[in-house]
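The structure appears right after this line, and notes come after that.
Numbering (this note's numbering), first residue to last: 9 to 347.
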């Protein structure tokens, strides 16, 4: 029986598939065909839960395609967002309403920390760490609210998937407001794998501080940046540096190869896992899609070892390695190394 959490390369976006035998939970549905390709490759005909962290297109872009496909989705989880007026979100909400009215889909718009034990499989548990009930009661709001502004990113769901003693933390697009709220609530965020929020892009405050505090709270063995090579220059160097400050031993892996690290695509895929990845055929992958096995003694994708070899051999200016070396030199007691 397969029990895996696969962080998919969907380009600039997020999608993760948690498979536990015949039970399947999908968290986010970034644009493109990769999510459906993965489900079809695995022969999955039923998704027990589809969880959408928030209403941004890079998190819901393939949700309509999934809900309209031959694959049966039993339950959809998402939250209302009156500030999100995109046609895509409106179309998704209309489809969800229609399928609910026909008795084809169970819909919950209570994706918050009170949903304890409502999403689970035989061997995996799913904790909705954020938003809290108090924040979910208002949803996104502008600065005129007496509680202050909360954006769609502030309200993005944070989900921890655990199996045995191992876990994967999916952060959606959480921002510094959300992190502060989690800290104020004394929420334990520790996890073996951190899928970093907002694709390693700028947050709403100081990037380095945000990344350092989040990585320090999670203390992950692996940090994954789910990003696309085109359109954005992620991950931001200050984000990577902050991660290394907060959790120095973490292995950093980007799903696609950032242009900050290498000017051209690299047509090598021998290090990639044998699962669909949006960048594979175009030479855009760095780590590609990453399957993690939470019931094993060590929640470390075997592909991360070959990923490091790929980076060392093929990438001109890898942020993950160069910033680590620079930081190690600054921390060194050797006065020459510190110059």
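We put the CB at the ideal spot given by N, CA and C, even for glycine.
Query: Have a look at residue 235 and residue 146 and give me their C-alpha separation to the nearest angstrom.; Result: 30 Å
Query: To test your reading of the DSSP string, which unbroken beta strand (DSSP E) runs of 3 or more residues are found completely within the region 197-228?; Result: 201-203
Query: Going by the CB atoms, is the gap between residue 140 and residue 148 shorter than 8 Å?; Result: no
Query: Check each candidate in 255, 250, 292 and 253 and name the one with the smallest Cα separation from residue 270.; Result: 292
Query: Whether or not the region 273-292 and the region 13-30 are in contact is what I'm after, with contact meaning three or more pairs of Cβ atoms, one per stretch, closer than 8 Å; do they touch?; Result: yes
Query: Please identify the residue among 314, 80 and 72 whose C-alpha is closest to the C-alpha of residue 349.; Result: The requested residue 349 is not part of the displayed model; the chain covers only 9 to 347.
Query: Is it buried or exposed, residue 156, if we count other Cβ atoms within 10 angstroms and call 16 or more buried?; Result: exposed
Query: Given residue 13, which residues of its chain have a CB within under 7 Å of its CB, disregarding the five upstream and five downstream residues?; Result: 24, 26, 169, 176, 300 and 302
Query: Can you list, in chain order, the residues of its chain with a C-beta nearer than 6 Å to that of residue 326? Leave out the 5 residues immediately preceding and following it.; Result: 269 and 319
Query: Per the DSSP calculation, residue 318 is bridged to which residue(s)?; Result: DSSP output for residue 318 lists no bridge partner at all.
Query: Which ranges would you report for the alpha helix (DSSP H) in the region 113-187 if only whole runs of at least 4 residues count?; Result: 141-144
Query: With three or more C-beta pairs closer than 8 Å as the rule, is the region 41-52 touching the region 172-190?; Result: no
Query: When you compare each of 201, 75 and 117 to residue 103 by their alpha carbons, which one comes out closest?; Result: 75
Query: Please name the residue or residues paired with residue 26 in a DSSP beta bridge.; Result: 13 and 33
Query: Would you identify the three-state DSSP class for residue 245, choosing helix, strand or coil?; Result: helix
Query: Whole angstroms are fine: how far does the CA of residue 72 sit from the CA of residue 83?; Result: 14 Å
Query: The beta strand (DSSP E) with residue 230 in it runs from where to where?; Result: 230-233
Query: Can you say whether residue 39 is buried or exposed, counting buried as having 16 or more other CB atoms within 10 angstroms of its CB?; Result: buried
Query: What is the residue span of the beta strand (DSSP E) that residue 261 lies within?; Result: 259-262
Query: Check each candidate in 112, 216 and 228 and name the one with the smallest Cα separation from residue 257.; Result: 228
Query: Please go through the same chain and pick out, in chain order, the residues whose beta-carbon is closer than 6 Å to the beta-carbon of residue 322, but skip the five residues on each side of it.; Result: 274
Query: In three-state DSSP terms, what is residue 293?; Result: strand
Query: Between 253, 277 and 263, which has its C-alpha nearest residue 335's C-alpha?; Result: 253
Query: According to DSSP, residue 299 sits in a beta bridge with which residue or residues?; Result: 14
Query: Given a threshold of 16 other Cβ atoms within 10 Å of its Cβ, counted over all protein chains shown, does residue 87 qualify as buried or as exposed?; Result: buried
Query: Would residue 242 be called buried (16 or more neighbouring beta carbons within 10 Å of its own) or exposed?; Result: buried
Query: Rounded to the nearest angstrom, how far is the Cβ of residue 197 from that of residue 226, given a contact under 8 Å?; Result: 5 Å
Query: Once you ignore the five residues that flank residue 30 on each side, which residues in its own chain have a CB closer than 8 Å to its CB?; Result: 54
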